[in-house]
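In full-length UniProt numbering, the protein residues as written are 1 to 1042.
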Amino acid sequence: MFSVDIIIEGLKVKECWEFAQKAAPNQKPNEFDNKEIAERKLEKIITDTFIGKLGEAAVQKWLSDCGIHIELDWSITPRGEWDLSDVCYNDWSIDVKCTKSVGKFFLIDWSKLQFRADAGQLPHFFVMTKLGVDISKIAKDGSGVCKIELAGFVDTRDLTEANNKLLIIRRGERLPNTNVGLATSNFAMPIKDMDMDWEKLSYKIKNESAFSLDSYVPPGNCFESEKKHVREMVELPMKYSLLLAGSDILQYNLSKIEGFIKEGIKCLLFVDEKQAAVYADLEKKYDRSFFQLYIVNKGNLPALTIYDGVRSNQQQRDFEKLCQLPLNKVFNHEQYNIEHFNTSDMLIVKAAAGTGKTTVMIDRIMFLLATVENLRPADIAMITFTNKATASMIGKLQKRAMAMFDLTQKKHWYEVMEELSQMQISTIDSFFYTVLKNDGSVLGYGTDSSIKSFIHERKRILGEIVNDFFKQQAHRNFLDANVMPIYEYVDKAFNMWEKLHSRGYFEDAIEGMDFGTAADKQDQIINENLQRIIVEAEKRYQLFKKKHNAYTINDIKADMDALTRSDDFVMRQTKFRFLFIDEFQDTDNSQIRSAAWLQKKMGCQLFVVGDVKQSIYRFRGAEESAFEVLQKCLKQNGVLKEHICEENLKKNYRTAAGVMNVMNNLFAQWENSGLLVWDGSVMPCIESQGNLHKVKCRRNDDMIIPEIQKWMPISKHICVLTRTNKQVTKVAGMCRAEGISCRAKLSGGFYRSEPVRDLYALLGALLYPEDTRRLYNLLLTPYTAMVPDGEMLARMQGDEETVRAYLEGLLAKDGWHGILKRQRVEPFFPMMDELFDQLRPLERYACLRRNNFPLYGHSADADYDVDCYLLNFNKLMRILYENFTGEYASLLGVFAFLENKMQTDRKEDCVYPDKKTEEGKCLVEVMTVHKAKGLEFETVILPYMNMPFFQDEDYDEFKGFITDERSGQLTVGWAFQHRGKLRRNIFYDEMMTDEQQAARREEARILYVAMTRAIENLICFISREPKENTWEEFVQNCQEVK
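Below, the structure is given as structure tokens:
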């Protein structure tokens, strides 16, 4: 008995592909909870549906060869329902599964068996099929055939726990020898162990009567008695929560309350001390997501019953009285109100640091899924601002849905759990990219538009414009006429252009922007030239993108902004009923306009949450006025003022009460000084006092290590927070010198990381093998086995031939000459794969770092550095594949791409391992404040608070660029050093005072973020005489807590 190969004709393959494209939006997601792979997108669902239909077509053809003729079902199954059996003949039913060519297991979900048994839709057999070739090699246009293997089948009656051929994989466990974890309990059977007697199967179907499955008992605990109880219960008056207080509790006994909990109803009880004893065991038994018990210490409890948060006017008054009573623990009525908010109005949530905004968003989504009729996860979308936040939110939602299903065993929560991957949770760039993919044709893009890297092209456009402008001039001496050479105009214009885009200004705003004039004649020439160059560059670039049907990641904001001005089209993008936006204070004006426009086009409820006090990305356009701008945009779109609501989260669950109270006073002082938008004090919920120390010192460097060593014995987690990457590197080096295991995390810096620099050195040496400098750099990387001897090189006294011969001799040990020959004839990516196998850079790095090779690593933790190198190496290769997919990748092209990125891209973040420290040891980290956003640490140390905000060298990197909107028009002020002279326009001087005050306010917000990371201990380094325009100026009046 063997498997059977079936050949599917080209036209049938095409028919399956077309069906998959139509059916995919309604198909259920993959049931695996594999966090190692990316969330399934529409393209992946299409592929999976296509594979499944090919399997059905193969079974149809096999049956036809056996004289059994059937028709396939080509109807589209509504979302949230499962399809019926794939093959039906003479009362027989067969379910067909198909897997890729590498598949090794037949899997069947226990709960699905139960649900299908309840519905009377169990198939008699499950048939397993496999692709005969890789999916990418299947021609989908009807031009080629496809081979499908009938791998095996199983009788449904054999799907029992007593069958020793079946593996039982419980929820959360992994398939043998894989990293695939399952979200629900499954039977797993190795495909090689399945029945392959195809003649027996065809004979049964053709000649025998179908057997009954009435006696089949699905696996696991079926909870029949509980299911019967649920079916017979009178419908509950609530769907999600029940709040009871005072005498109203007396109408329910303990058993009744627990019954509600088991139905998935969150119960909140407010009782006196006598009643508390009755319900104390429930508090121990159930998580706070299901049960909360509050004891009133004194005062009269109002009688209150609230279903799903809905209150009459009288109930609202009683609820407010309830919230004023002294309780044994804090009841967060702000979170309760947000969680149970109505489903029609727009909601803005202002959440101070540590007030539980993530928890309330999860609670809100669970409330919606429980109470809104016919709502599916695919009807909800959430925008976050980092990939890490996206992964965290997905994980927490999965955990909550799984807990609800485990408690209730309800079909609804099983389907929610199964369909969570259809909920779009993504970064703002990914979300907007999806919109553009679907609706970008309005802007002139084709359906197959893609993301490219256009750094070369944008600089080339600038160069062409500068050349065109200046060719028209009759002056013989270019510098006399234009003050700066062409390359400086290109560099300055490129930097200005980038900053305009990062701040949310695009084609229309750029075309109408005002550069004003300049007092100096030469400055005026520069001013006029720069404005003309940038305006023309924006026009040409927009045409260039349409012609090449592509755009960069940085263009997504611009194109979304353009889309918001196109009201005369029907949106093809999937419309959501609810749209959540996290960290809203980090959005710029164009992104805010896009969010408001999406709300209007989709007709969805908008839920935004953030804290303007944590708006610390001003350099990319985020402002502290984000909420006000949103309200203005919503009103312009026709949303009435009374339908835009605000809620404030004011209870802090992070920081010790003593420290938090001092910070409340300090932040109030900042508000009085115009430094901070302060909504009033937050209420600390952590009862400990904590410590807030000010360390007075002359030299920060002398005190950092002693202070770390002081807190290490009494703290589990210390983080040193700094303003700059340079300071991070400095502190990490000091820790390493003292043998302190310290993990350093930089903001941005990916394109200066070790894996990127090492690969760049390798490519440079391959391209320029005669350049001794590049050969030397390569020998310092883990791509080689030898390291040059510095003393020997010094004795060669710079003799180029001698040095080259020496370096080539070292490289010869790795087969250097053979590598050079190979790179001339082999395609780039296959060649690199062979080089990685031959040179083993990852293994070499790990070996050298663990043996304390001085050139590798940043921290004192070798294993941590090795993991960092691996993660960022993998990220680098993924970026290269993404940027060079669909086009010929050459050694020179990749080298030039990396060179540009290393010179211009400082924003791309490195990836850091999330490793726990050994039990009983203190974890020490050092990172910038921007990197620490969203995190918390037991002990926070803030050194270098005496460093000034404004430094003259800022001009050298062209940071003197100010934008403002005056009467709706973009106004630009600029300044930079050129040949020892400060060049600027008049707007720069006019706007500089406001700019410096805005910069001071942002520095206060950055310091606010830094200080609010602390859980228990906060240590600030200040001078004996604090300087102006420094962090220490802001905290000099801060009290200490000891």
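Using N, Cα and C, we set each Cβ at its ideal position, and we do this for glycine too.
Computed from a predicted structure; not experimentally measured.
For this session: Grab me the residues of residue 47's own chain with a C-beta within less than 8 Å of its C-beta, minus the 5 sequence neighbours each way, in chain order.
Result: 20 and 135
Problem set entry | Limits of the beta strand (DSSP E) - the one that residue 745 falls within | 742-745
Exercise. Can you give the beta carbon distance from residue 403 to residue 289, rounded, assuming they're within the 8 Å contact cut?
Worked result: 7 Å
Problem set entry | Cβ shell of residue 5 (< 7 Å), same chain only, five flanking positions each side left out | 132, 147 and 149
Problem set entry | residue 817, enclosing alpha helix (DSSP H) - first and last residue | 816-823
Exercise. Looking only at its own chain, which residues have a Cβ that is under 7 Å from the Cβ of residue 664, when we skip the five neighbours before and after it?
Worked result: Sequence-distant Cβ neighbours of residue 664 in its own chain, meaning closer than 7 Å and more than five residues away, are 681 and 682.
For this session: From the DSSP output, in three-state form, read off residue 550 for me.
Result: strand
Exercise. Roughly how many angstroms lie between the CA atoms of residue 142 and residue 23, to the nearest whole one?
Worked result: 19 Å
Problem set entry | residue 757 (DSSP reduced to helix, strand or coil) | helix
Exercise. When you compare only the Cα positions, how much space is there between residue 364 and residue 330?
Worked result: Rounded to the nearest angstrom, the two C-alpha atoms are 19 Å apart.
Exercise. Who does residue 984 pair with in a DSSP beta bridge?
Worked result: 975
Exercise. In terms of residues, what are the limits of the beta strand (DSSP E) holding residue 653?
Worked result: Residues 651-656.
Exercise. Thinking C-alpha only, which one of 588, 772 and 457 is nearest residue 806?
Worked result: 772
Problem set entry | Residue burial classification, residue 550 (beta-carbon count within 10 angstroms, cutoff 16) | buried
Exercise. Can you tell me whether DSSP reads residue 202 as helix, strand or coil?
Worked result: Under the three-state reduction of DSSP, residue 202 is assigned to helix.
Exercise. Taking DSSP as the reference, what is the three-state secondary structure of residue 424?
Worked result: In the structure shown, residue 424 sits in a strand (DSSP, three-state: E or B).
For this session: Taking only the alpha-carbon atoms, compute the straight-line gap between residue 1024 and residue 973 and give it to the nearest angstrom.
Result: 37 Å
For this session: Using DSSP bridges, identify the partner residues of residue 152.
Result: BP columns for residue 152 point to 128.
Exercise. How should residue 753 be labelled, buried or exposed, when 16 other C-beta atoms within 10 angstroms of its C-beta is the threshold for buried?
Worked result: buried
For this session: Give me the Cβ distance between residue 756 and residue 855, rounded to the nearest whole Å; I'm assuming they're in contact under 8 Å.
Result: Beta-carbon to beta-carbon, residue 756 and residue 855 are separated by about 15 Å, too far to satisfy the 8 Å threshold.
For this session: Tell me whether residue 208 is buried or exposed, calling it buried when 16 or more other Cβ atoms sit within 10 Å of its Cβ.
Result: Under this definition residue 208 is an exposed residue.
Problem set entry | CB of residue 588 within 9 Å of CB of residue 504, strictly | Less than 9 Å divides the Cβ of residue 588 from the Cβ of residue 504.
Exercise. How big is the Cα-Cα spacing for residue 225 and residue 586?
Worked result: Low confidence applies here, because residue 225 scores a pLDDT of 35, under 50, leaving its location unreliable; read the following figure in that light. Cα to Cα, the separation comes out at about 51 Å.
Problem set entry | Local conformation of residue 31 per DSSP, three classes | A caution first: residue 31 carries a pLDDT of 43, below 50, which makes its placement in the model unreliable, though a value can still be read off. The answer is coil: DSSP assigns residue 31 none of H, G, I, E or B.
Problem set entry | heavy atom of the ligand SAM below 8 Å from residue 916 C-beta | Judged by which ligands are present, the structure shown has none, so any question about the ligand SAM falls away.
Exercise. Once you ignore the five residues that flank residue 596 on each side, which residues in its own chain have a CB closer than 6 Å to its CB?
Worked result: 633, 634 and 637
Problem set entry | Runs of alpha helix (DSSP H) lying entirely within the segment 643-703, each at least 4 residues, in chain order | 657-672
Exercise. Residues bridged to residue 909 by DSSP?
Worked result: 749
Exercise. Tell me, which residues are paired with residue 296 by DSSP?
Worked result: 327
Problem set entry | Sequence-distant residues of its chain with Cβ nearer than 6 Å to residue 911 (five each side left out) | Closer than 6 Å at Cβ, skipping near neighbours: 871, 872 and 875.
For this session: Tell me whether residue 138 sits in a helix, a strand or coil according to DSSP, three-state version.
Result: Annotated three-state conformation of residue 138 is coil, per DSSP.
For this session: Ignore the nearest five residues each way along the sequence and tell me which others in residue 218's own chain have a CB closer than 6 Å to its CB.
Result: 113, 114 and 117
Problem set entry | Straight-line Cα distance separating residue 540 from residue 441 | 19 Å
For this session: Could you check the C-alpha separation between residue 252 and residue 103 for me, to the nearest Å?
Result: 53 Å
Exercise. Nearest CA to the CA of residue 581: which residue from 432, 810 and 408?
Worked result: Comparing Cα-Cα distances from residue 581 to each of 432, 810 and 408, the minimum goes to 432.
Exercise. Among residues of its own chain, excluding the 5 on either side of residue 262, which ones have a beta-carbon nearer than 7 Å to its beta-carbon?
Worked result: 407 and 408
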